[in-house]
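For the protein sequence lines, the chains are U and P, in the order given.
The opening residue of the first sequence carries number 57 in my numbering; numbering runs sequentially from there.
The opening residue of the second sequence carries number 220 in my numbering; numbering runs sequentially from there.
Note that CB positions come from ideal geometry on N, CA and C, so glycine has one too.
Heads up, the thing below is written out as structure tokens.
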Amino acid sequence: MGAVSRSQSEKGVENLDSAVVAGRSCWSCRGPVGGFAFCPTCQAIQPPDLNLDYFQLFDLPVGFTVIAERLEILYQKLQKLFHPDRYAARGATERRLSLEHVTRLNRAYQTLRDPLLRSEYLLGMLGHPSSSGGQGEPPDPSLLMEVMEQREALEAVDLASRGAVDQLASLRGQAERCLQQDEETLAHLFVRGLSAGDAVVWSQIAQTNHHLRYHRRFMEALEAAEEKIFAGEV
Amino acid sequence: MELLLDIAEPGQSRKPHEVDLSGGDGGLPGKRRRVAGIDLGTTFSLVAAITLEGRPACIPDATGRVALPSVVHYAVDGSVLVGFAAQEQALQHPQRTVSSVKRLMGRGLAELMRTEEGSQTPLQLRDGEGGMVEIALDARALSPVEVSAEILKSLKRRAEDALGGALYGVVVTVPAYFDDAQRQATKDAARLAGLEVLRLVNEPTAAALAYGLDAFQESEGRQGLFAIYDLGGGTFDISILRLNEGVFQVLSTGGNSRLGGDDFDQCVVSYLLQEAAIAQPDPHLLQLCRQEARRVKEQLSSVEWVDVRLPLPGGEVLHRTISRSQFESWIGDLVSSTGVACRRALKDAGLTAASLQGVVLVGGSTRVPLVRRFVGQLFHCQPLCDLDPDQVVALGAAHQADLLAGNGETELLLLDVTPLSLGLETMGELAEKIIPRNTPIPTARAQDFTTFKDGQTAMAIHVVQGERELVSQCRSLARFELRGIPPMVAGAARIRVTFHVDADGLLTVSAREETTGVEQSVAVKPSYGLSDGQVEQMLRDALSYGELDLRARQLHEARVDAERVLNAVEAALRRDGDLLTEQETQRVRTVAEQLRQAVQGEDETLIGQRMAQLDQQTTFFAQRRMDRSVQAAMTGRHIADFS
């Protein structure tokens, strides 16, 4: 088994009562399995440890900033260990466990590689869940103004006109800057939150998530308009 | 003792998959499992397998041809012809000869009739069960699944003849852009043909595997990023892949499951009919036009113009010369329409064309010079087409089948994504996305819903697939009702709907009411395709998948499990053998040896009994092993000290 599975397993051990971990037995050889993902005796794949958070799963430091290349490399390494294709010729239990591992792995990967999902997940993990999907605390009025202006600008573009592509490109530039700024703000706020978290920081993070969500929706609308032009539907 | 060491010698523990349990015929040790890869194409289908030299190769028919025309002829006497023999009947019996059946897979009549090929087909199409189209022929109704199964059966026979025995399993390829209904229908067809589907694999991904793209050296920091442009007879796919240390990771995919070389032919057909001033061609003329159109298209890939002489019903002959530029002007819009999907796939992968290391051409329609020029311009590079674009998908499928069967060690791994968003209908006939497109599979997502009326005890769940906001513009996959919700005020119930997409890309949806602790659970498979009952009935009718096959599979499963248990016991003895007296060890070994003998035999029940015996005989051993580990933890020693 690779180094990745060992180190993540050991982290799992630290999180739990050691007696509980010691009491875990392998479903196949029924020997002690501890927190390992593969039985140290018979190598059989074990059920995923649901106590591991997504950062532990990937052996990444807890924080908003995730180095994309590192995440990708670890993702592929873990897939090589757990993917159902590796277990296609094995028994039913092994096939099922592999599926459970990889389903969770894919979810974790998607969460960590997406800034908004990552921010929401981290907030929840640190005990300050924000309402997702835009409910709960209202976004601040300045955000609504800004987004309304962007939308109006988008609607004002005559998609059939010759200048439409350039106009959309300019709006895209603006929108990309907004998204980038939101991410930078989040990175900054999480550093503060993780070192000395006070209630203010967490609510600022929740607000920034709102910003990111609104800016994304605008980006989607912009892309829909671009696609119409490419597809010749104007 | 020696016999046990045979299972696993110390230091080189034998993994269960190395134990031979080859398909169907008893399983003699030391043999590879017989597997094959099948490219079930719109116009041609192929089957490939790994040769003795370890390379994938397409299996030819008796006359040496590898491509089997995807044509099935149902003769008046009830016999069925497949391939070239069926193709020969197409002109005489257009209404009894089914071609391009792939375009009917998982489709409803209404949506087919909106397309040109649906309204112009010589076949009699009508609405069938489960909203799927069926073909009326004499007194029977043929489903596209049954027709596809005939093609698969023919390929199965070919592979079994070549490999010398029953197949353990196959990989069947599908267009990456196939939706759930089309995938389900394809899998049903394989089951109906008596094939065990190891995996449905996306065609572009299979092609990437065949190309061995992972061997390409990283250049100028463009770390193994490739586009696979796959234009077949009836489908178009674009996939963006990242390759790294044997992992083929699909970053995004897109396409059009109703665009391909058949549409190029249709352009020529339309021109010919227009020139002949015939608005309503009879089936015979239509078939003749199609054959001419295909010839024209194929020849125009190498020459500048082609002569056509088309005999018309009145005895006249239509004579025309078609030039390449004429042909290109007809298909120009179709070709450029593939650019939309390519741009979207690049965007979804977060890339630009410049960051790609190369683009690979797959599918016979990429032989058309205009397509090559277009792809080159779109991706700013010279497309790769070293391998035969007709064969590359089947070759990759054979490779993947070999990997899945555990024949040989390898580091190669395919990681794929969902091509289209999956969601549910919510208030106002809007589609709410649960799993967005390009999500890595397998995956699972849950979403909570609630009741909107006081005392509501049932909830309708409508599963849809597609990118549009309105349910009516998405594909409807399944409808079911969750009943037995306890009456509560509106909004109090909590209904958790869970979507599971497996490694084949197939969806299962379940729903459960959770607030009251009363659990209601319904699992559905999409209603397109056939129900399990229907498939079983057809299997019985067809007698192609007898009881024998089923027993062989059960025996196989029992053997795999027994080998695992023997492995586990041997590993436990190696590590913790000191916990047993010599006498106890001997007893365990004796029972293990009995199981090992049962595995060599053919009696599945005996294997089960001996496994239970071994289980019983090692319970105290397991207990002692656990006691020691807990003891160690209590005294503050880390579990790893034992490793």
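Proximity of residue i and residue j at Cβ, strictly below 8 Å
{"i": "Val716 (chain P)", "j": "Leu641 (chain P)", "result": "no"}
{"i": "Val299 (chain P)", "j": "Tyr448 (chain P)", "result": "no"}
{"i": "Gln132 (chain U)", "j": "Asn463 (chain P)", "result": "yes"}
{"i": "Val390 (chain P)", "j": "Gln401 (chain P)", "result": "no"}
{"i": "Gln675 (chain P)", "j": "Ile704 (chain P)", "result": "yes"}
{"i": "Ala613 (chain P)", "j": "Ala267 (chain P)", "result": "yes"}
{"i": "Ala624 (chain P)", "j": "Gly388 (chain P)", "result": "yes"}
{"i": "Val203 (chain U)", "j": "Ala281 (chain U)", "result": "no"}
{"i": "Val788 (chain P)", "j": "Val807 (chain P)", "result": "yes"}
{"i": "Leu575 (chain P)", "j": "Phe445 (chain P)", "result": "yes"}
{"i": "Leu268 (chain U)", "j": "Phe120 (chain U)", "result": "no"}
C-alpha gap between residue i and residue j, whole angstroms
{"i": "Val466 (chain P)", "j": "Leu631 (chain P)", "result": "6 Å"}
{"i": "Glu517 (chain P)", "j": "Pro602 (chain P)", "result": "20 Å"}
{"i": "Leu153 (chain U)", "j": "Leu137 (chain U)", "result": "12 Å"}
{"i": "Ser259 (chain U)", "j": "Tyr270 (chain U)", "result": "17 Å"}
{"i": "Leu825 (chain P)", "j": "Gln816 (chain P)", "result": "10 Å"}
{"i": "Val525 (chain P)", "j": "Arg509 (chain P)", "result": "15 Å"}
{"i": "Gly384 (chain P)", "j": "Arg376 (chain P)", "result": "10 Å"}
{"i": "Glu776 (chain P)", "j": "Arg160 (chain U)", "result": "26 Å"}
{"i": "Arg452 (chain P)", "j": "Leu589 (chain P)", "result": "Contrary to the premise, residue 452 (chain P) reads as Gly rather than Arg in this sequence. Their Cα atoms are separated by approximately 16 Å."}
{"i": "Ala329 (chain P)", "j": "Val352 (chain P)", "result": "9 Å"}
{"i": "Thr727 (chain P)", "j": "Leu696 (chain P)", "result": "10 Å"}
{"i": "Arg345 (chain P)", "j": "His599 (chain P)", "result": "45 Å"}
{"i": "Leu382 (chain P)", "j": "Gly413 (chain P)", "result": "17 Å"}
{"i": "Ser251 (chain U)", "j": "Cys693 (chain P)", "result": "47 Å"}
{"i": "Leu323 (chain P)", "j": "Asp456 (chain P)", "result": "17 Å"}
{"i": "His139 (chain U)", "j": "Gly350 (chain P)", "result": "35 Å"}
{"i": "Gly260 (chain P)", "j": "Leu450 (chain P)", "result": "11 Å"}
{"i": "Ala255 (chain U)", "j": "Val122 (chain U)", "result": "24 Å"}
{"i": "Thr340 (chain P)", "j": "Pro502 (chain P)", "result": "8 Å"}
{"i": "Asp605 (chain P)", "j": "Leu580 (chain P)", "result": "9 Å"}
{"i": "Ile550 (chain P)", "j": "Cys486 (chain P)", "result": "7 Å"}
{"i": "Pro313 (chain P)", "j": "Gly302 (chain P)", "result": "15 Å"}
{"i": "Met845 (chain P)", "j": "Gly87 (chain U)", "result": "6 Å"}
Listed by chain order, chain U residues near residue i by CB distance under 9 Å
{"i": "Met332 (chain P)", "result": "Residues of chain U passing the Cβ test: none, with the nearest at roughly 23 Å."}
Residues near residue i by beta carbon distance below 6 Å, same chain, minus five either side
{"i": "Leu235 (chain U)", "result": "His271"}
{"i": "Arg847 (chain P)", "result": "none"}
{"i": "Arg702 (chain P)", "result": "Ala677"}
{"i": "Ser367 (chain P)", "result": "Val320, Ala408"}
{"i": "Cys98 (chain U)", "result": "Ser84, Cys85"}
{"i": "Leu553 (chain P)", "result": "Asp482"}
{"i": "Asp567 (chain P)", "result": "Ser471, Asn657"}
{"i": "Gln206 (chain U)", "result": "Phe274"}
{"i": "Tyr143 (chain U)", "result": "Glu150, Arg151, Ser154"}
Interface partners of residue i on chain U, CB under 8 Å
{"i": "Val466 (chain P)", "result": "Gln132, Gln135, Lys136"}
{"i": "Val301 (chain P)", "result": "Result: empty, since nearest Cβ-Cβ is about 29 Å, beyond 8 Å."}
{"i": "Leu417 (chain P)", "result": "Ala144"}
{"i": "Ser367 (chain P)", "result": "Within 8 Å Cβ-Cβ: nothing; Ser367 (chain P) doesn't reach chain U, min ~23 Å."}
{"i": "Met845 (chain P)", "result": "Gly79, Ser81, Arg86, Gly87, Pro88"}
{"i": "Asp258 (chain P)", "result": "Those do not exist, as Asp258 (chain P) stays about 19 Å from chain U at its closest Cβ, beyond 8 Å."}
{"i": "Val779 (chain P)", "result": "Ala145, Arg146, Gly147"}
Residue i: contacting residues in chain U (beta-carbon distance under 7 Å)
{"i": "Thr645 (chain P)", "result": "Simply none; closest approach about 12 Å."}
{"i": "Glu463 (chain P)", "result": "It is Asn, not Glu, that sits at residue 463 (chain P) in the sequence shown. In chain order: Gln132."}
Own chain partners of residue i with C-beta closer than 7 Å, once the 5 adjacent residues on each side are dropped
{"i": "Leu492 (chain P)", "result": "Pro500, Cys508"}
{"i": "Leu762 (chain P)", "result": "Any reading at Leu762 (chain P) needs caution, since the residue's pLDDT is 48, under 50, leaving its predicted position unreliable; the model's value is listed next. No residues qualify anywhere along the chain."}
Closer than 7 Å at the beta carbon, the chain P residues around residue i
{"i": "Cys291 (chain U)", "result": "Within the shown structure, residues of chain U are numbered from 57 to 290, placing residue 291 (chain U) beyond reach of any answer."}
{"i": "Val159 (chain U)", "result": "For clarity, residue 159 (chain U) is Thr in the given sequence; the question names Val instead. Result: Pro661, Thr662, Ala663."}
Own chain, CB closer than 8 Å to residue i, minus 5 neighbours either side, in chain order
{"i": "Leu649 (chain P)", "result": "Glu688, Leu689, Val690"}
Chain B within 8 Å of residue i, Cβ atoms only
{"i": "Ala841 (chain P)", "result": "Absent from the structure is chain B; the protein chains it does hold are U and P."}
Heavy atom of the ligand PLP within 7 Å of residue i beta-carbon
{"i": "Arg543 (chain P)", "result": "This structure lacks the ligand PLP, and indeed carries no ligand of any kind."}
ask   = In the region 133-190 of chain U, which residue ranges form an unbroken beta strand (DSSP E) of at least 3 residues, counting only runs that do not cross its ends?
value = none
task = Starting from the N-terminal side, write out each stretch of the alpha helix (DSSP H) that is 4 residues or longer and does not extend beyond the region 764-815 of chain P.
result = 766-795
request  = Go through the region 529-559 of chain P residue by residue and report every complete run of the beta strand (DSSP E) that reaches 3 residues or more, in order.
outcome  = 536-542
task = For the region 358-430 of chain P, list the alpha helix (DSSP H) runs that are entirely contained and at least 4 residues long, ordered along the chain.
result = Complete alpha helix (DSSP H) runs here, min 4: 363-382, 399-411, 422-430.
request  = Would you list, in sequence order, the uninterrupted beta strand (DSSP E) runs of no fewer than 3 residues that lie entirely inside the region 282-366 of chain P?
outcome  = 290-293, 299-301, 316-318, 343-346, 352-356, 359-361
query = Which runs of the alpha helix (DSSP H) fall wholly inside the region 581-655 of chain P and span at least 4 residues, in chain order?
reply = 588-598, 611-623
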